[in-house]
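Residue numbers (our numbering): 1 to 290.
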């Protein structure tokens, strides 16, 4: 299904015109602004390119082309209503296809939440296109990762809740209340329950055992990144209840790095709590020639 354009009438601080491309019979959207070396921002669950609206202007004004896709099932992109359509392979293929179609070179990939497994895998599969990686509050799923009891309860909630309260989920994972207009923008892509299949699918396709779909691919990406020498920047929120700072430290170590900056006063959706600061840190790192 396709979300009617009129529901996107007012989006605070996000006046960019979308670009569109075809993938697997779907129309997928992305934002593409600025000139210079490309920086690709990959969102996760249950957000869309709107998440990056306070980061993009800072990076763009530092001399970079900022590209933020809406994954299938999110934002202005088409939304298959069948949960079975969604998979780690398909989401990754859509981002890789965008990189190829836009012929991106010397690109930086910036990832968050489920954008991590997807964007990091794209970076591994397109070594010729991606030269730098920025990691925010994410991970790789191999089926061996420990899952908290709270997360398992969340997964069960998603499985039984067709009309997922997307805006409420975002609000609860921000340290500072972003306000009703911002929450309305997160709800806007999902006018009814059937439009939320993509948001419901992400927790359900996370592999809980090494033989589950997606686990082997996640392990391959982790193994590849352990020996990957491309520059990486790790930013992590100090108050993330979903992926705590200690989890971030372990993940950065697994990828041969360490947390470069702890974002103070920020929760899981750190782009909402500290978007301009994140933009400045990324821009400074890029312009330093790392």
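Beta carbons are placed, not taken as given, at the ideal position from N, Cα and C, and that holds for glycine.
Between residue i and the rest of its own chain, which residues show a CB-CB distance below 7 Å, the 5 nearest in sequence each way excluded?
i           : result
residue 188 : 7 and 8
residue 137 : 112, 113, 236, 237, 240, 243, 248, 268 and 270
residue 35  : 65
residue 106 : 37 and 131
residue 126 : 96 and 99
residue 174 : 267, 269, 272 and 273
residue 257 : 232 and 234
residue 245 : 236, 238 and 262
residue 12  : 181, 182 and 185
residue 101 : 21
Once the 5 residues before and after residue i are set aside, which same chain residues still bring their CB inside 6 Å of it?
i           : result
residue 56  : 66
residue 275 : 54 and 55
residue 261 : 235 and 281
residue 119 : 42, 109 and 111
residue 215 : 142, 143 and 207
residue 162 : 193
residue 33  : 16, 60 and 66
residue 225 : 255
residue 124 : 221 and 224
residue 14  : 50 and 53
Could you tell me which residues DSSP pairs with residue i in its beta bridges?
i           : result
residue 19  : 30
residue 153 : Per DSSP, none; premise fails for residue 153.
residue 233 : 134
residue 38  : 65
Suppose you measure from the CA of residue i to the CA of residue j; what does that come to, to the nearest Å?
i           : j           : result
residue 251 : residue 103 : 30 Å
residue 203 : residue 155 : 6 Å
residue 29  : residue 22  : 9 Å
residue 229 : residue 278 : 23 Å
residue 286 : residue 160 : 43 Å
residue 39  : residue 266 : 23 Å
residue 50  : residue 151 : 25 Å
residue 52  : residue 221 : 25 Å
residue 181 : residue 4   : 18 Å
residue 1   : residue 289 : 43 Å
residue 166 : residue 48  : 11 Å
residue 46  : residue 264 : 23 Å
residue 253 : residue 69  : 28 Å
residue 92  : residue 121 : 7 Å
residue 171 : residue 164 : 13 Å
residue 63  : residue 149 : 44 Å
residue 209 : residue 218 : 12 Å
residue 169 : residue 199 : 11 Å
residue 116 : residue 140 : 7 Å
If I follow the unbroken alpha helix (DSSP H) through residue i, where does it start and stop?
i           : result
residue 287 : 270-287
residue 298 : This structure cannot speak to residue 298, because the chain is shown only from 1 to 290.
residue 91  : 88-101
residue 113 : Per DSSP, residue 113 belongs to no alpha helix (DSSP H); it is in the beta strand (DSSP E), 107-113.
residue 45  : Where residue 45 is concerned, there is no enclosing alpha helix (DSSP H), given that its DSSP letter is neither H nor E.
residue 186 : 180-187
residue 222 : 215-226
residue 167 : 166-172
Whose C-beta lies closer than 8 Å to the C-beta of residue i among residues of the same chain, with five residues either side of it excluded?
i           : result
residue 197 : 73, 79, 80, 81, 82, 83, 85 and 86
residue 211 : 143
residue 19  : 29, 30, 31 and 32
First and last residue of the beta strand (DSSP E) that includes residue i?
i          : result
residue 72 : No beta strand (DSSP E) holds residue 72; DSSP gives it neither H nor E.
4 or more residues per run - each alpha helix (DSSP H) lying fully within the segment 236-264: Given a length threshold of 4 residues, each whole run of the alpha helix (DSSP H) inside the segment 236-264 is given here in chain order: 245-254.
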